[in-house]
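A.B. asks: Using this note's numbering, you'd call the opening residue of the sequence shown number 83 and step up by one each time.
Glycine included, each C-beta is placed from N, C-alpha and C at the ideal position.
Below: one structure in structure tokens.
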Amino acid sequence: MTHDDMQDIRKAGWELPREVLDTLGGYQREFLMAQFTGTRTPGYYAARLAALGLAGLGRVVDAACGTGQWTVALAGLNGQAEGVDIDAGRLLVARELAGAMGAANCAFRHGRLEALPFADASVDGLFCRGAFMFSDTARTLAEFRRVLRPGGRAYLDANGPGWTAHMFWTRGLRARDWNQAASAVMTTLRTALGRPARIFLTAGRLRALARANGLTVLGCGPEGSLSCPPGRRDSVPPIYPERMFGLPAVHELLLRKDGP
Ligand SMILES: C[S@@+](CC[C@H](N)C(=O)[O-])C[C@H]1O[C@@H](n2cnc3c(N)ncnc32)[C@H](O)[C@@H]1O
């Protein structure tokens with residue numbers, strides 16, 4: 083019997099039209115399968131968001147939403163969830179996912195982190211996973227501050243140097259994927275040259291960037307370590323190890339907009 087990816091997706095509790103999956107190949111399909119199978123169930127995403135305090139809010143935004151699995155989970159926990167991404171193909175998958183999952187309070191828009199398509203002070207919560215370090219980080223944080231209501235909170239994560247070492251060695255040289263290895267070298271060079279995007283970040287740099295853009299840092303730690311309020315017991319296990327090659331792998335940050 084041939085292996086059926088669709089069965090794995092359904093087994094994890096997701097609904098997605100088979101025709102949508104069939105349009106994806108190569109890396110896009112690999113990416114989707116990693117997000118929608120195994121332990122990555124709808125319940126997993128909901129538990130993670132609830133632990134971060136992104137539940138019971140009015141309007142929330144999934145900034146750089148990709149294929150929309152976090153957006154759908156946000157919609158189940160909050161009044162209204164809106165996903166934004168620059169990749170029109172991923173937005174198509176996200177819309178189909180939301181439709182198949184019956185998430186009626188979920189919408190998607192094309193847009194950039196550095197110019198979010200929302201009015202000033204119109205958003206209660208922001209979630210940004212796996213994308214911040216690809217954007218112009220200062221402009222993105224300024225946008226987060228602009229669109230959040232006073233008291234609104236934001237979550238983001240960012241690759242640290244350990245992730246770049248992993249890209250270079252494990253995904254690159256060892257797997258003989260020269261694009262990955264070259265990309266890790268470019269990331270390192272861009273970071274060293276102080277470029278704003280496609281970089282890796284240290285925890286100190288992340289905190290400093292957030293403060294410089296007028297956001298209060300509620301917490302900063304390795305991926306999977308933060309909860310709101312701090313120390314909440316139902317936080318869920320991390321996806322990534324704390325360190326890769328002895329270096330911090332992925333940091334996460336919880337922020338709040340204080341003042342107008
Ligand atoms: C690694 S994926 C993460 C997607 C999703 N947040 C998740 O956790 O599955 C990175 C996403 O960021 C999007 N992206 C990258 N740079 C962006 C930017 N400047 N503005 C908006 N989206 C961006 C990409 O199109 C992609 O969907």
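Just tell me which of 200, 188, 327 and 211 has its CA closest to the CA of residue 239.
C.D. replies: That would be 211, whose Cα lies nearest to the Cα of residue 239.
A.B. asks: Does the beta-carbon of residue 147, which I'm using as the reference point, lie nearer than 7 Å to any heavy atom of ligand 1?
C.D. replies: At least one heavy atom of ligand 1 is nearer than 7 Å to the Cβ of residue 147, so yes.
A.B. asks: Decide if residue 341 is buried, meaning its Cβ has at least 16 other Cβ atoms within 10 Å, or exposed.
C.D. replies: By the neighbour-count rule (16 or more Cβ atoms within 10 Å), residue 341 is not buried but exposed.
A.B. asks: So residue 304 and residue 330 are in contact, right, with Cβ under 8 Å, and what is the actual spacing, rounded?
C.D. replies: Sure, about 7 Å apart at Cβ, within 8 Å.
A.B. asks: For the beta strand (DSSP E) holding residue 111, just list the boundary residues, first then last.
C.D. replies: Not the beta strand (DSSP E): residue 111 falls in the alpha helix (DSSP H), residues 108-118.
A.B. asks: So residue 146 and residue 198 are supposed to be a Cβ contact under 8 Å. How far apart are they, rounded?
C.D. replies: Contact doesn't hold; Cβ gap of about 10 Å is too wide.
A.B. asks: If you run the structure through DSSP and keep just helix, strand and coil, what is residue 131?
C.D. replies: Three-state result, residue 131: helix.
A.B. asks: To the nearest angstrom, how far is the alpha carbon of residue 83 from that of residue 214?
C.D. replies: Residue placement at residue 83 is flagged as unreliable, the pLDDT there being 45, under the threshold of 50; a coordinate-derived value is accordingly withheld.
A.B. asks: May I have the straight-line CA-CA distance separating residue 247 from residue 327, to the nearest angstrom?
C.D. replies: Near 7 Å, if we compare the C-alpha coordinates of residue 327 and residue 247.
A.B. asks: Just checking residue 236 against ligand 1 - is the residue's beta carbon closer than 7 Å to any of the ligand's heavy atoms?
C.D. replies: No, the Cβ of residue 236 stays beyond 7 Å of every heavy atom of ligand 1.
A.B. asks: Taking 6 Å as the limit between beta carbons, can you name the residues of its chain near residue 250, skipping five residues before and five after?
C.D. replies: Same-chain partners within the cutoff: 263 and 266.
A.B. asks: Contact criterion: CB-CB distance below 8 Å. Does residue 286 meet it with respect to chain B?
C.D. replies: In the structure shown, chain B does not exist; there is a single protein chain.
A.B. asks: Looking at ligand 1, does it come within less than 7 Å of residue 217, judged from the CB to the closest heavy atom?
C.D. replies: At least one heavy atom of ligand 1 is nearer than 7 Å to the Cβ of residue 217, so yes.
A.B. asks: For residue 223, which residues in the same chain have their Cβ closer than 7 Å to its Cβ, ignoring the five residues on either side in sequence?
C.D. replies: These residues qualify, in order along the chain: 291, 292, 295 and 297.
A.B. asks: With a cut-off of 8 Å on the beta carbons, I'd call residue 142 and residue 202 a contact; round off their distance for me.
C.D. replies: No, residue 142 and residue 202 are not in contact; Cβ-Cβ is about 17 Å, not under 8 Å.
A.B. asks: If we ignore side chains and look at the alpha-carbon of each, how far apart do residue 308 and residue 86 end up?
C.D. replies: Their backbone Cα atoms lie some 36 Å apart in a straight line.
A.B. asks: Out of curiosity, what's the CA-to-CA distance linking residue 101 and residue 209?
C.D. replies: Taking the straight line joining both Cα atoms gives about 29 Å.
A.B. asks: List the residues that DSSP assigns as beta-bridge partners of residue 237.
C.D. replies: 209 and 336.
A.B. asks: Please confirm whether residue 300 and residue 333 have their CB atoms less than 8 Å apart.
C.D. replies: It is not a contact, given that the beta carbons lie outside the stated cut-off.
A.B. asks: Quick check on the DSSP output: the beta strand (DSSP E) that includes residue 299 runs from which residue to which?
C.D. replies: Counting along the chain, the beta strand (DSSP E) containing residue 299 begins and ends at 298-304.
A.B. asks: Can you name, in chain order, every residue of its own chain whose Cβ lies under 6 Å from the Cβ of residue 157, other than the five neighbours on each side?
C.D. replies: Here the set comprises 163, 185, 187 and 188.
A.B. asks: Which stretch, first to last residue, makes up the beta strand (DSSP E) that contains residue 144?
C.D. replies: 141-145 is the span of the beta strand (DSSP E), which, as asked, contains residue 144.
A.B. asks: Between residue 310 and residue 114, which are expected to be in contact by the criterion C-beta below 8 Å, what is the C-beta distance as a whole number of angstroms?
C.D. replies: Contact doesn't hold; Cβ gap of about 29 Å is too wide.
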